[in-house]
Each structure stands twice: as C-alpha cells, then as structure tokens.
Amino acid sequence: MNTVEILEAQKQLAPISRQAAAEGIVLLKNSDSILPLQASDTVSLFGRCQIDTYRSGTGSGGAVNVPYSVNALQGLYENPNINLNLSLVEVYQRWIKDNPFNDGGGGWAAEPWFQDEMPLSTSVVMDAAAKSNKAIIFIGRTAGEDQDNAQQQGSYNLTALEMQMLEKVTEHFDDVIVILNVTNIIDMSWTTSLKGAAAIKAVLYSWAAGMEGGHALADVLSGDVSPSGRLTDTIAHSLSDYPSSPNFGNKDRNLYQEDIYVGYRYFETFNPKAVQFEFGFGLSYTRFSNKLNALTILGSGSEQELVFDIEVKNIGEKYSGKDVVQLYVESPQGHLGKPTRALIGFVKTPTLGPQDTVCLTISCPLSSFASFDDSGKTGHPNSYVLEAGEYHFYLGGSVRQAKLVSESVKIEELLVVEQLTEALAPVTGFSRLIPKGNEENGVYSCDYESVPLRTIDLSKRILSELPSSIPLGEDTGIRLLDVKQGRANIDEFVSQMNVKQLATIVRGEGMCSPKVTPGTAAAFGGVSPSLFDLGIPLVAAADGPSGIRMDSGHKASQVPIGTLLGCTWNPELNEKLFHLVGKEMQANHIDTLLGPGINIHRHPLNGRNFEYFSEDPFLSGVIAASQTLGLKAVGVSGTIKHLVANDQETSRFDVDSVISQRALREIHLKPFEIAVKQGGASSVMTSYNPINGHWAASNYDLNTTILRGEWGYKGIVMTDWWAKMNDPIKGGSESRSYTSFMLRSQNDLYMVVEHDGAENNVSNDDTLQALENGTLSLGELQRSAMNICRFIMDSPAMGRPLVAFDPVKSFEATQNLNKQQSKTDGDFCSLTAEQHAIVLPLNIRENRSIVLEVKQAGVYRCAGIVNYDSGTLAQSACSLSLNNVYAMSLSVNGTNGETVSVEGLSVKLDKGFYSLDIEFIKLGLELEQLVFSFMPE
Numbered sequence: 001m002n003t004v005e006i007l008e009a010q011k012q013l014a015p016i017s018r019q020a021a022a023e024g025i026v027l028l029k030n031s032d033s034i035l036p037l038q039a040s041d042t043v044s045l046f047g048r049c050q051i052d053t054y055r056s057g058t059g060s061g062g063a064v065n066v067p068y069s070v071n072a073l074q075g076l077y078e079n080p081n082i083n084l085n086l087s088l089v090e091v092y093q094r095w096i097k098d099n100p101f102n103d104g105g106g107g108w109a110a111e112p113w114f115q116d117e118m119p120l121s122t123s124v125v126m127d128a129a130a131k132s133n134k135a136i137i138f139i140g141r142t143a144g145e146d147q148d149n150a151q152q153q154g155s156y157n158l159t160a161l162e163m164q165m166l167e168k169v170t171e172h173f174d175d176v177i178v179i180l181n182v183t184n185i186i187d188m189s190w191t192t193s194l195k196g197a198a199a200i201k202a203v204l205y206s207w208a209a210g211m212e213g214g215h216a217l218a219d220v221l222s223g224d225v226s227p228s229g230r231l232t233d234t235i236a237h238s239l240s241d242y243p244s245s246p247n248f249g250n251k252d253r254n255l256y257q258e259d260i261y262v263g264y265r266y267f268e269t270f271n272p273k274a275v276q277f278e279f280g281f282g283l284s285y286t287r288f289s290n291k292l293n294a295l296t297i298l299g300s301g302s303e304q305e306l307v308f309d310i311e312v313k314n315i316g317e318k319y320s321g322k323d324v325v326q327l328y329v330e331s332p333q334g335h336l337g338k339p340t341r342a343l344i345g346f347v348k349t350p351t352l353g354p355q356d357t358v359c360l361t362i363s364c365p366l367s368s369f370a371s372f373d374d375s376g377k378t379g380h381p382n383s384y385v386l387e388a389g390e391y392h393f394y395l396g397g398s399v400r401q402a403k404l405v406s407e408s409v410k411i412e413e414l415l416v417v418e419q420l421t422e423a424l425a426p427v428t429g430f431s432r433l434i435p436k437g438n439e440e441n442g443v444y445s446c447d448y449e450s451v452p453l454r455t456i457d458l459s460k461r462i463l464s465e466l467p468s469s470i471p472l473g474e475d476t477g478i479r480l481l482d483v484k485q486g487r488a489n490i491d492e493f494v495s496q497m498n499v500k501q502l503a504t505i506v507r508g509e510g511m512c513s514p515k516v517t518p519g520t521a522a523a524f525g526g527v528s529p530s531l532f533d534l535g536i537p538l539v540a541a542a543d544g545p546s547g548i549r550m551d552s553g554h555k556a557s558q559v560p561i562g563t564l565l566g567c568t569w570n571p572e573l574n575e576k577l578f579h580l581v582g583k584e585m586q587a588n589h590i591d592t593l594l595g596p597g598i599n600i601h602r603h604p605l606n607g608r609n610f611e612y613f614s615e616d617p618f619l620s621g622v623i624a625a626s627q628t629l630g631l632k633a634v635g636v637s638g639t640i641k642h643l644v645a646n647d648q649e650t651s652r653f654d655v656d657s658v659i660s661q662r663a664l665r666e667i668h669l670k671p672f673e674i675a676v677k678q679g680g681a682s683s684v685m686t687s688y689n690p691i692n693g694h695w696a697a698s699n700y701d702l703n704t705t706i707l708r709g710e711w712g713y714k715g716i717v718m719t720d721w722w723a724k725m726n727d728p729i730k731g732g733s734e735s736r737s738y739t740s741f742m743l744r745s746q747n748d749l750y751m752v753v754e755h756d757g758a759e760n761n762v763s764n765d766d767t768l769q770a771l772e773n774g775t776l777s778l779g780e781l782q783r784s785a786m787n788i789c790r791f792i793m794d795s796p797a798m799g800r801p802l803v804a805f806d807p808v809k810s811f812e813a814t815q816n817l818n819k820q821q822s823k824t825d826g827d828f829c830s831l832t833a834e835q836h837a838i839v840l841p842l843n844i845r846e847n848r849s850i851v852l853e854v855k856q857a858g859v860y861r862c863a864g865i866v867n868y869d870s871g872t873l874a875q876s877a878c879s880l881s882l883n884n885v886y887a888m889s890l891s892v893n894g895t896n897g898e899t900v901s902v903e904g905l906s907v908k909l910d911k912g913f914y915s916l917d918i919e920f921i922k923l924g925l926e927l928e929q930l931v932f933s934f935m936p937e
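Structural data, given as structure tokens:
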C-alpha cells in the first residue's frame, strides 16, 4: 500500500464524486421556480438527516471507512450562496446530541431503516417562519443487505412524526422543499394527500451520495449546478401497482409472472394511470428543446445500424444545464407481444448555456430491438427475431415526454437475428403476462399464457461438452510469468500442478485475509506456498461497489450509490469516476472490486436496490459497462454481480427464481451481457439463489452455455461468499461443500474459506472426492485453474514484486511507555515466556487501548475469543494495532450467540512496552478475551 498514491487518488476522486452526486439528483417538482435558492432567501432546515445524512446503504455494499464525510448541513453552510436559519440548526444539534444516531448496535443488518425525528412544537416552527422565508425538510431512509424494505411506516411509508413534521411546516411556510435522502424510492402519495401539500413547491431525490453528498446537494440547491438527474425507476401511486408485488418476498419460490413487463414496460403497456412519476423523468432549472435532424440507416438486414442525428437547444433565458435525450422504440406486437415502449438509446448533453445548441448522435443496432422467442410462435424457437411490421421511435425527456418522430423502420418479413439453443428454461409451470387486444387509447388488456418448460437433456449437454484433461506432469520450472511473456503456454504450466494444488487454487480465502491488503474481502490465486512457488501471486478482492471496503479500518473514498449513478444517465462520467476508483484500488494493491451490481430493480422493496442502477436492462448495462471500462483502463477489474435474478433479500440463499427464458434474456441477463460484450468484464460473481431449480453457483446453462458459450466470456466466475450449490444435472439438495458441482458448471472460484484454509480444505468440500469417484473430471478442474491463471496474468498482481506471505510480523517496542500512559485508566498486562499463554479478559464491544509489557522477547500467537449473536451471514471485525502500527484483523461471521475462537497472526515482539489498540471496525462481535501464546523456537 502506497500512502502517497492513496492520498493523491482520493484527492483526484473527490471532485468527480461530487460532480456525479450532483448529476444524479432528481428534481421531481419545482413550482413557482422555488429553486434554486436566491441570495435574498433565508432557509430553515427541518429533519435530522440534515446532520445524520445517509451516504450509502448497509451491508457489504456500503461499509466503507471514509476519511471524511460532508453532511447536508455542512454542504449548505459552506456554500456562500445559501443563507441558513442558524438558530434552528442549533435546536437540532442540541436534540441530536441527546438523541444520537441509532445504528442498531452496529451489527450486520441491525441498523433500522429510519431515524426517529425530533418532535416539532408549534413555537419552534413559528419562530423559524419568522426568521426565514423558505423551509427545507429532510426525509431519510437506508436499506441494505439481508433485509428487504417493508410497506410500513419508517420504511416505504413515512412515519407519524415525519407526517407531523410535514404538516406543521407546511402550515407555517408557503414555500417548502422536500429532500429525500434515501436509498430506494419511497411512497410519494403524501405529495398530494397531505393537507398542506400546496405549500410543498419542490421535491427532489438526493439519494445517498457518498462522502461528498452535502457539497453536491448545495451545488444543486444554490443553482451552481442545474439538476440533470432522471429517474431510473417508475414511481407508482401504490406499491400494489407493481406487477411483481404478488410474488415478491416469497420465501421458497418466486414466480416472475410479469415476464418482460418490468417497470415502465408494464405501466406504459397496461396501466399508465398508476404512474405518479414516470421512468426517465426529471426537471431542470432551464428548458430544452430537441429534434431529430436525420435518421441514417447503415448496412442491411439484421446487421443494420440506425444513426439518429439529434439537435438539442437550451431554450431558457437564465440557467445553464445538461439535458438527457432518451430514445424509445415501439415494436409491432407480432406473435410474441411487446411492450409499447422500450429504451434503445440515450445521450446526455454537455453543459449548455442559455440559447446554446449542440448536435449529438444516438446509434442503435437494429438487432437490439429483437425479441427472444422461447415458445416457437414465430417458427424459430430459441432465437432472437425481428418480427415483420413497422418500428416507431419516440424521442424526448422521459418515457412519457418522448414524442413520436416521423421516421420509422419497416421490416417486410421476419428476420432471425441470432439462432441460439434452449438454456435456463424453467421446470416449474406457471403463467406469464402478455398483451391482449388494443383499446382506443393504446393501452392493452392483461392476458396470460403458459411458460415454455425445459425440453433439453442437461446430462447429455454437460457430459458431451466435457473438456479434455491435460496429463499430469512434474514441475518443469515453468512459472506463470513465463506464460504471460509467451515462453510457455497455459497447458504446459497447468500440467505441472498436482490435484491438491488444483483443488486449492479454486478456493479463495477471507474475509480479512492477512495475505493481501488488510481488511479486504478475499485473497485468491497463490494462497498456498506450493502455488506461490509456481509464480502465482496473491490477488486481492475488495467489496464495492460504492468504494473500497476495508474492515481493517483503513480509509477509502465512498462514491454515490448505484441508483444515483444510474440517475446521472451519464456513461462518460461513470467511466471517469471508476477510472479514479481504480487508481485508489491500485494504490491499495487491490485487484478486483466486487461491483458494479447490476441486478434489475424488479420491485421497490428490494433492500439491495441501492447497489443496482435501474428497472431498465439497457440503461443498467450501459452504466455497468462504463464503470467496468473505467476500472479496466487502470488495469484493475470490476466483478459484475449478482448473476442472476438476485432481486430480493428475503430468503436470498434459497428462494427459487422461476423465470422464462425470454424474461431472463431480455431483462435480467441483458445488463450482464452488455457489461461483458461492451465493457470487457473479466470477473463475474454468481448470486446466492437458484434459477429454475439450479443454484446459480452450479448452474451450467448460466455459467457455461450462455455466459461463455453465447457471449464469448473468457474471464473468471466466482461464487458469492459462502454460497451453496446443487447438482447441475439433477438439481436436488444444496450444500456449501458441493464444489464439484460448482466446477462442473464452470463457476471457477469458491468464495470463501477461512485464512489458511484453502490448502488443507478446512471447509471439507468435495472437489477431490468427486475427482476420485469420477463425478468430476480432471479436465473440468484444470479448466477452472486455467481461467483463474489467465485472469491473474492480466491483473495488477503480476506487476507487483512476488513476495511470499510472512505469517510473522515484527514490531518494535517502546522502552519508556508505562501503565500510567494507558488510554483507558491503566489497562495493563505483561507477556512472559514463563506462562504458556496470557489471557486478557476483556468482554468489550467498544474501542480499547491496553499497555503490554513484554518481558520475554519472542514470537506470540494471537487469538480472539469472541461471541457474535447474529446469523452466519452477518460479518463483524475488529483490528489490532501495536504502537500505532496495524497488526491484524479479527474477522468473524455471526455465531448465533456461541463463543468461538478466531485465530489471529503471530507477532514477533521485542522486550519492552507496546500500546495495544483494539478498534471495532464493523460492530457486532463481543471480544471476550485476547490470548497471546508464546511460540518457542
């Protein structure tokens, strides 16, 4: 880790993160041009999230230790163009001091969705109204891993105190602005049902905007930046209006009956009246016009490329800004049925001053309009087809604002774009939504048809495609660098690896493996001495996607959540942002970021929606590809996740996503396909859940037939952490130990086993057993080893010095430290070789410093006796430092209340004094004891 490079990367990243945060803010309402704030305005701030501003969601996607964080109050206060009612600020500051942020104890998924608001008295509001002319109300929500949102107060709905706050403020202010500092869309019915709704002149989603969020919000409210964010989801009047609602949250089987009609595809086709704010909507401080100058068609047949030349003008008189031009297609219904609108292209303008004009292009391959025929209705089963008829285009600022253009494309007879094979078809019968009839207003009635089921023989497919094995040989001195530099080929290199080495390389180690950057999610590659001796370096993977998670306590930048970044509709900005994230990764010796997350916003209550971009697959794929390209340009990689249909947190390990081939290919797989083909993704993480009866980590059609066969993917596939697998042929029961099934499906890497557990198979997986009994072939195991080695050769790890992991870290003593200098009233302990082990009884959950006096120099092995009363997916960690030098992390999963031992590292200590600092990075665990065992030479 290079401290100078880290600080420089963070310095470069901050302004771009701020720009992205501002561009992702979505202004939904701005009556009477109440925004931007004027120099003559004085503003009163209501709501605790002005101070306790959410910067991300919870779980692995949000747990970034930041060097600083700018809350909304700081951002507004520091903006010279905004005047605040500071007396009201002081009221909130005093109240929050007595009513601090509730983190739920700091444990995994323990933080509540909302924070209790300060009850407002009439006198406080009246005093604020006397001192200011405008009010800003903050509403805050978080969400995250392991816990979905709920249709209840404090989650999707406002709390009673929040409603009272809105009512009292709108009673005494005529000009009210509501800021939604949230991770997911929430119920918006209060914007019309509230008694004082007329006073709410402006509403905007500021989302959770990372550590620069407060500055970005001030940029927009002050008018320094005109809002240019656009919704990436449809906001309906009622949660029950979403077509996935009847099935969302089921714990055993989740039927995707809405099929391809997700989000606006459903609402615009079947139920437009249910929409409160449409997909793609967002206001600016200025106004724009756009027109199609020309449509040029290049090529012929299904290879045609459509080039739309568009002119955009800022027709406002005062403000500069950026516009988002969106292009939709209306396809003929044909035999298959289609949504009435589908996004096929978009472009964001540069900043345009008043009356400025820019000419832009949107290019779309005709093949991108194709539909997948999984039923054979067109006579071409398992094919992407363009049905005959006229294709119309709509251009504009949202799915509703887009206007029909005069140019269209007519296809005289059906075109087969791509002939594929049946893959991932369901085995459980159910009915799916299709359009029926066509009313005068263009809205279709709902009808249903039976979903085509699996007809292929998976056994024949898999066994007929087994890779050839490479004869096992001796170590001939070929090292991985020889392969990279062309002196040997990958087959020759892998032939040197014995079966134990092959079984070891497909196991990653973590969390907080000491072999790589402290506190990161996993180490893989050269995890054993014998693999390292072959020149295979250790590779580090860190949680994302909103920044680098290091449970060691080391600091990293936190960028805005995925939903906000999607709302920028700006691929170039996303690429630039993640180029800089990549620089920070490089400086921290991290090779792959576990992100971007690109699952579909199938339902608003999915707790993990904040990590993902949109309900639209095309937009999700384009943003994902841009982030992947940005990382790739620095030499690091993004691990796109979670493949596939990880659309709820409820029973995420077990719920079977039952989906048609068409919905998978057109909606849920499409973002991954774009990220692979256009973004050059080289690392993929599979989801926890089964898809049509086969767990994703061992789903052959997912990982081999489609990903590698159809898309030409050449990278690695890893499981999600502690995933389960089942038989890729027979299905049936699942287990974390079924790595042979994982390898057969060509999911290469099991994540994760504990530190030093890969070589000795601490998790008792069945790889070698299956190899012996013939249910896994040597060629399959070698295939995954080669995939991993190819990935490592292209990673930054190959450019770093090849230094073996030293399990013993040396620390220098301080001779003049004494127990009176302890930071916690004299916690003191002596280490001596006369005792076999020194036990420090602690029973702590909070940071502690202890003075250690080492009377006998030597090597001491450290272990923690811990208790973490949470489920096995929960994660917690504390770090130990000696004389202000990081020593190790003690990481643990939930123990369900049982006391367990967590092995630390060995430390070489000189005779003298040490300050032992214990820092709880991810709260939850109770450190009952620390044990230092003397290791005689």
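Quick note on the UniProt record's numbering: the sequence shown kicks off at 1 and runs consecutively. From the three backbone atoms N, C-alpha and C, an ideal C-beta is built for every residue, glycine too.
Chain-order list of residues whose beta-carbon lies under 6 Å from that of residue i (same chain, five-residue window excluded)
i, result
"G334", "E387"
"L925", "V866, Y868, S876, V892"
"V409", "Y391"
Segment limits, alpha helix (DSSP H) that includes residue i
i, result
"residue 978", "With the chain represented from 1 up to 937, any question about residue 978 goes unanswered, as that position is not in the structure."
"F288", "Careful: F288 lies outside any alpha helix (DSSP H), inside the beta strand (DSSP E) at 288 to 298."
"F532", "529 to 533"
"A14", "3 to 24"
Straight-line Cα distance separating residue j from residue i
i, j, result
"D323", "L890", "49 Å"
"H668", "T775", "31 Å"
"G826", "R845", "Because G826 carries a pLDDT of 45, less than 50, the predicted location of this residue cannot be relied on, and the following value inherits that uncertainty. C-alpha separation (whole angstroms): 18 Å."
"C512", "N102", "27 Å"
"N254", "F610", "21 Å"
"Y54", "S528", "41 Å"
"T568", "V203", "17 Å"
"T872", "N896", "7 Å"
"D647", "L481", "41 Å"
"S368", "L702", "21 Å"
"Q19", "D374", "43 Å"
"L366", "Q782", "40 Å"
"T628", "E928", "43 Å"
"A522", "G799", "19 Å"
"T814", "K576", "46 Å"
"F393", "S331", "9 Å"
"T705", "S464", "12 Å"
Beta-carbon contacts of residue i that lie in its chain and below 7 Å, excluding the five residues immediately before and after
i, result
"E162", "E117, I139"
"Q558", "R55, S56, V64, V66, G210, M211, S546, G547"
Within 8 Å, strictly: CB atoms of residue i and residue j
i, j, result
"P467", "E780", "yes"
"I260", "R602", "no"
"F372", "Y384", "yes"
"S614", "T232", "yes"
"P604", "L239", "yes"
"G715", "A681", "yes"
"I82", "L45", "no"
Cβ neighbour criterion (16 or more within 10 Å) applied to residue i
i, result
"T476", "exposed"
"K515", "buried"
"Q355", "exposed"
"P571", "buried"
"Y448", "exposed"
Endpoints, the beta strand (DSSP E) within which residue i is located
i, result
"D727", "725 to 727"
"Y328", "324 to 330"
"Y860", "858 to 867"
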